[in-house]
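Structure first, then comments.
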Amino acid sequence: MESTSDGMTLGLVIVWLAALAVNVLIGYWAGKVGQRNGRSFALCFCLGFFLGLIGVLVVYLIGPGYDSRPAPYGVAPPPGYGPPPDPHQQRTRVCGQCGKLVEGSARFCGYCGAQVAGPAPRR
Ligand SMILES: [Zn+2]
C-alpha cells in the first residue's frame, strides 16, 4: 500500500469519518428502537454502533423489555396510564332553556341564567 499521495490519505480519512458517522447514526437508530422497547439507550446504541445493521436487527429481535419501567422522555404513556378524567368536570350539558352547551361544573346556564337540568350532585 503506497502512501505517497496526500490526497489518498485524505480520502481514507474521509471514508473512515463517513463510516464512523454512519455507525453513529445506526447506533442512534438502534438506541431509539431499544428505548421505545424499554431498553437502555446506551446499550442499544453500542449494539448499533459496533454491529451496524446487525445490531439494529438484534435490538428489534430482543423486543420489549420484561421490566416495566416508567416511560422515558418523549414517549407517550400507554392508554390507561394517566389519571382518568373526572366525569363531573368534563361533562358538558345542554341548557334546557336556550339550548347552549354548559360546562358540567356550572349549575346555571351562562347564557340565559336558567338552572341547568342534569345529574348535578346536590349538597
Ligand atoms: Zn341557557
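Going by the working numbering, the residue at position 49 of the sequence shown is 36; the numbering climbs one at a time, nothing skipped. From the three backbone atoms N, C-alpha and C, an ideal C-beta is built for every residue, glycine too.
Check	Outcome
Under a Cβ-count criterion, where at least 16 other Cβ atoms within 10 Å of its own Cβ denotes burial, should Arg26 be classed as buried or exposed?	buried
Check Gln84 in the structure and name its three-state DSSP category.	coil
Could you please give the first and the last residue of the uninterrupted alpha helix (DSSP H) stretch that includes Phe95?	First-last for Phe95: undefined, no H or E at that position.
Specify which residues have a beta carbon nearer than 6 Å to any heavy atom of ligand 1, listing them in chain order.	Cys82, Gln84, Cys85, Lys87, Cys96, Tyr98, Cys99 and Ala101
Distance, Cα to Cα, Ser92 vs Val11?	53 Å
Suppose you measure from the CA of Ala5 to the CA of Arg78; what does that come to, to the nearest Å?	57 Å
If you follow the alpha helix (DSSP H) that Arg78 is in, where does it begin and where does it stop?	Neither: Arg78 is in no alpha helix (DSSP H) and is coded neither H nor E.
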